[in-house]
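Sequence lines, in order, name chains P and G. Heads up: the first sequence begins at 1 in this note's numbering, then just goes up one per residue. Heads up: the second sequence begins at 1001 in this note's numbering, then just goes up one per residue. Positions of the beta carbon are idealized from the N, C-alpha and C atoms, including for glycine. This one's a predicted model, so the numbers in the text were calculated from it and none came from an experiment.
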Amino acid sequence: MEQALTLFFEYKEEIFIIALSIFLGIEVISHVPAVLHTPLMSGANAISGVIIIGGIILVGHADLTSFSVNLVLGILALIFGTLNVVGGFAITDRMLEMFKKKKK
Amino acid sequence: MDKILGTINGMDFTIGDSLLELSYLIAALLFVFGLKLLSHPATARRGNLWAASGMGLAMITTLLLHKNSSGGGIPMMNMWVIILFIGIGSALGWIIARKVKMTAMPQLVSLFNASGGAASMLVALLEYPNAIAGDTGSILVTVLGLVIGAIAFSGSVIAWGKLDGRVGDIMKPFMTYLNLFLLVLTIALSVYIIISPNPPTDLMWAIYILTLLSLIYGVMFVMPIGGADMPVVISLLNALTGIAAAMAGFIYGNQAMILGGILVGAAGMILTMLMCKAMNRSLLNVIIGSFGGSAAGAAGDGDKTVKEISLSDAAVLLSYSQKVYIVPGYGLAVAQAQHLCHELDTLLAAKGVEVKYAIHPVAGRMPGHMNVLLAEADVPYDKLVEMDEANNEMPNTDVVIVIGANDVVNPAAEDDPGSPIYGMPIIKVLDAKNVIVMKRSMAAGYAAIPNNLFYHPKNSMLFGDAKASLQKLVTEVKSL
Chain P
1 MEQALTLFFE YKEEIFIIAL SIFLGIEVIS HVPAVLHTPL MSGANAISGV
51 IIIGGIILVG HADLTSFSVN LVLGILALIF GTLNVVGGFA ITDRMLEMFK
101 KKKK
Chain G
1001 MDKILGTING MDFTIGDSLL ELSYLIAALL FVFGLKLLSH PATARRGNLW
1051 AASGMGLAMI TTLLLHKNSS GGGIPMMNMW VIILFIGIGS ALGWIIARKV
1101 KMTAMPQLVS LFNASGGAAS MLVALLEYPN AIAGDTGSIL VTVLGLVIGA
1151 IAFSGSVIAW GKLDGRVGDI MKPFMTYLNL FLLVLTIALS VYIIISPNPP
1201 TDLMWAIYIL TLLSLIYGVM FVMPIGGADM PVVISLLNAL TGIAAAMAGF
1251 IYGNQAMILG GILVGAAGMI LTMLMCKAMN RSLLNVIIGS FGGSAAGAAG
1301 DGDKTVKEIS LSDAAVLLSY SQKVYIVPGY GLAVAQAQHL CHELDTLLAA
1351 KGVEVKYAIH PVAGRMPGHM NVLLAEADVP YDKLVEMDEA NNEMPNTDVV
1401 IVIGANDVVN PAAEDDPGSP IYGMPIIKVL DAKNVIVMKR SMAAGYAAIP
1451 NNLFYHPKNS MLFGDAKASL QKLVTEVKSL
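Next comes the structure, spelled out in structure tokens:
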């Protein structure tokens, strides 16, 4: 119990953000029409690429003077993250472009 | 930029530090705003761009302003290396997203989701040794990020394989127990690592085993799931990637990552629930996978007769109708017949027939699959009607053509309490005056549930490959 309370106090700001983001996420997309299910999912998927920030920080503070497995993994994280971000937003845009074309 | 503005908790902070956090706030707001716009057809494309610009901003400011501890911390190094690899990743992502065929969309979404999960897993794995022994909070989020990221990664790879037709659905009764065992093992090891007072560097063996276990669990959990359950799994995996990214955000105390990740997690969960609701099944039921099995015994009634319709009769029937509904399913995507389908609907429209499409929420293999498929064939989206509205219009419909769909039109969902899909909302094609089912053979659908629709007096079958049949039907309609 004490440990849980300590944990809560240490991370109170983050826990507030989490609690509010959950509601925000639900509210923001709750009335999405079925036509947009795929683009929404794919756009959201691209947003989950924020992990790229972690990748940048990781490699930004890595020691490049000597080779290590960790360095390779860090660079992989960077590439995977970028792939998720750029690929995700690009594919969503392509999908929506296709939808738009129809409206004429 | 390095001018010290003040001190919080004994740490100096500079103009740069403050600007960095401000940029994260703007990025987070752009994510929310983008997602909001993404949920309305008219603004969706703009929404995607807003979210993308938020991401771009956060990436640039991190690169320029991040320090590994506030104030006098060490600024970013290896700038050019980072830019180089981001460049490589961007080029790769861009080319894949632009060049891959539109019909391979579900696979691509899974693949990008896998790469996000992999990135989260790697970040957590590499940050773990830097955690301080006994700091339960940061070890907890690191382990969560690792486990969830790994499951999302390997699960999405398997989902990609299934959508691409490389991996089959493997369902053995013992797998339910094996999966449960794997899950318990993963949780137990996670708890051990989290509460252990030993320094993380002494627990590297456990972290490696945990990574492996999570990867295996991801594979095993997606393996038995297939067919109509794919949309549920894909949106669930999407939600998991978001949560994993949020956990990594905790490690760095980065609010933009936490908010972005949780936002995606919540949105993904909503979509997952929506898909479950469209099948009248609980999420647990989908994951454990108890489809088929018990009720499959009812299949053995071979004395019922099926009525067939000739192509010319079908063409006449369609041409002289007032209103026609097309119910597409995964079979349409497999046969790649969406363009022919659109050709048929334009031909009929030219003859004064009103043609619309009735879209079941779980038709296809990902949420909204049929919408994307038909949009690719230039079908205007006001012709795509959602299930409830289509059901209201069924009594005024002359002909319904079912192309490559099965379970979503199975009347057993309404009138057979013993059926595994009983209670699932369906498109009530039997309310229409005539039904034509285009099908390869009499085989049951993914769920292996017999479909009494085929034997109904209102229904006639048009056997053959959907593409070939549609091609012939188009020719027949043209010649009328």
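- Residue-level contact by beta carbon fails for P:Met1 and chain G, as no gap is shorter than 9 Å.
- Sequence-distant Cβ neighbours of P:Ala62 in its own chain, meaning closer than 8 Å and more than five residues away, are Asn70, Leu71 and Gly74.
- Take P:Thr92, set aside five residues on each side of it, and the residues of its chain with a beta-carbon closer than 7 Å to its own are Pro39, Ser42, Gly43 and Ala46, in chain order.
- From the beta-carbon of G:Leu1063, the residues of chain P found nearer than 7 Å are Ile56.
- Listed in chain order, the alpha helix (DSSP H) elements of length 4 or more contained wholly in the region 22-86 of chain P are 37-47, 51-60 and 69-82.
- Counting only residues of its own chain and dropping the five nearest sequence neighbours on each side, G:Leu1237 has a CB closer than 7 Å to the CB of Asn1113, Ala1152, Gly1155, Ser1156 and Ala1159.
- Interface criterion met: the Cβ of G:Gly1137 is under 9 Å from a Cβ in chain P.
- Contact note: G:His1339 does not reach chain P at a C-beta cutoff of 8 Å; the least C-beta distance is about 13 Å.
- By DSSP's assignment, G:Leu1384 forms a beta bridge with G:Tyr1357.
- Nearest CB-CB separation between P:Phe23 and chain G: below the 9 Å threshold.
- For the 9 Å CB-CB criterion, G:Leu1340 and G:Leu1470 form a contact.
- Per DSSP, reduced to three states, the secondary structure at G:Tyr1192 is helical.
- Between G:Val1355 and G:Ala1363 the beta-carbon gap is near 17 Å, outside 8 Å, which marks them as no contact.
- Rounded to the nearest angstrom, the gap between the Cα atoms of G:Pro1224 and G:Leu1057 is 41 Å.
- Taking the beta carbon of P:Leu7 as reference, the chain G residues within 7 Å of it are Thr1136 and Gly1137, listed in sequence order.
- Three or more beta-carbon pairs drawn from the region 1092-1103 of chain G and the region 80-100 of chain P are found closer than 8 Å, and the two stretches are therefore classed as touching.
- Contact between P:Gly49 and P:Ala77 does not hold, since their C-beta atoms are separated by about 11 Å, which reaches or exceeds 8 Å.
- Taking a beta-carbon distance threshold of 9 Å, G:Val1147 does not count as an interface residue toward chain P.
- Under the Cβ criterion of 9 Å, P:Phe67 is not counted among the residues facing chain G.
- The three-state secondary structure of G:Tyr1217, taken from DSSP, is helix.
- Residues of the region 66-90 of chain P whose Cβ lies closer than 9 Å to any Cβ of chain G, in chain order: Asn70, Leu73, Gly74, Ile75, Leu76, Ala77, Leu78, Ile79, Phe80, Gly81, Thr82, Leu83, Asn84, Val85, Val86, Gly87, Gly88, Phe89 and Ala90.
- Counting C-beta pairs with one atom in each stretch, the region 1243-1251 of chain G and the region 1133-1149 of chain G have three or more that are closer than 8 Å, which means they touch.
- Between the alpha carbons of G:Ser1460 and G:Pro1041 lies a gap of roughly 37 Å.
- In the structure shown, the three-state DSSP call for G:Asn1396 is helix.
- Taking 8 Å as the upper bound on Cβ-Cβ separation, chain P lies near residues Thr1241, Gly1242, Ala1244, Ala1245, Ala1246, Ala1248, Gly1249, Phe1250, Ile1251, Tyr1252, Gly1253, Asn1254, Gln1255, Ala1256, Met1257, Ile1258, Leu1259, Gly1260, Gly1261, Ile1262, Leu1263, Val1264, Gly1265 and Ala1266 of the region 1240-1266 of chain G.
- Residue burial annotation: G:Lys1351 is exposed, with fewer than 16 other C-beta atoms found within 10 angstroms of its C-beta.
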